[in-house]
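J.: Going by our numbering, the first residue of the sequence shown is number 5, and it counts up by one from there.
The C-beta atom is built at its ideal place from N, Cα and C for all residues, glycine as well.
Quick caveat: nothing in here was measured; it's all calculated off a predicted structure.
Mind having a look at this structure? Questions to follow.
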Amino acid sequence: MKKGILSVIVATMGIYFVYWFNRGICETIILSSDTTNVSEFSLHTFGNVYKIMTVSIGLLGLYLGIISMKNKKKIAITGIILSIIVIIISFLPLCEYYLRFKTPVNP
Numbered sequence: 005m006k007k008g009i010l011s012v013i014v015a016t017m018g019i020y021f022v023y024w025f026n027r028g029i030c031e032t033i034i035l036s037s038d039t040t041n042v043s044e045f046s047l048h049t050f051g052n053v054y055k056i057m058t059v060s061i062g063l064l065g066l067y068l069g070i071i072s073m074k075n076k077k078k079i080a081i082t083g084i085i086l087s088i089i090v091i092i093i094s095f096l097p098l099c100e101y102y103l104r105f106k107t108p109v110n111p
């Protein structure tokens, strides 16, 4: 597989990983508002591991994009841009944005 296409695939998987993890955290926070059994330690620990994994995925995509750029492939620009987006959104607290737009359901 060409490195430019692989760069785009890796960056897309990184974006999906960010979305999946933030949705999981939001669901955990919503469920923990009803019960107080969720430990803050586990959320904080997994948050640090998540950031390290996401930045690593972004750097891998960036590396593959730069190698493809040296070979004069135009798809490499897309892979580089997506990888930079993955690295940036790994540090944003997207869960707060999800919770802001979540309307409470009255039982």
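Drop a sphere of 10 angstroms on the beta-carbon of residue 12, count the other beta-carbons inside from all chains shown, and report buried for 16 or more, exposed for fewer.
T.: When all chains shown are included, residue 12 counts as buried.
J.: Pick from 60, 73, 20: whose alpha carbon is nearest that of residue 6?
T.: Checking every option, the nearest Cα to that of residue 6 belongs to 73.
J.: Taking the C-alpha atoms as reference points, what is the distance between residue 81 and residue 92?
T.: Approximately 17 Å between the Cα atoms of the pair.
J.: At which residues does the alpha helix (DSSP H) containing residue 86 begin and terminate?
T.: Looking at the DSSP string, the run of the alpha helix (DSSP H) that includes residue 86 is 79-93.
J.: Give me the Cβ distance between residue 99 and residue 26, rounded to the nearest whole Å; I'm assuming they're in contact under 8 Å.
T.: Indeed they touch by this definition, with Cβ atoms about 5 Å apart.
J.: What three-state label does DSSP hand residue 76 in the structure shown?
T.: Coil at residue 76, not helix or strand.
J.: What do you reckon, are the CB atoms on residue 8 and residue 62 nearer than 8 Å?
T.: No; because the gap between Cβ atoms is not below 8 Å, this pair is not in contact.
J.: Going by the beta-carbon positions, is the gap between residue 88 and residue 66 smaller than 8 Å?
T.: In this structure, residue 66 lies closer than 8 Å to residue 88 by Cβ.
J.: Taking C-alpha atoms, which residue in 86, 54, 78 lies nearest to residue 97?
T.: The option with the nearest alpha carbon to residue 97 is 54.
J.: Which residue from 24, 101, 64, 22 puts its Cα closest to that of residue 10?
T.: For residue 10, the nearest C-alpha among the options comes from 64.
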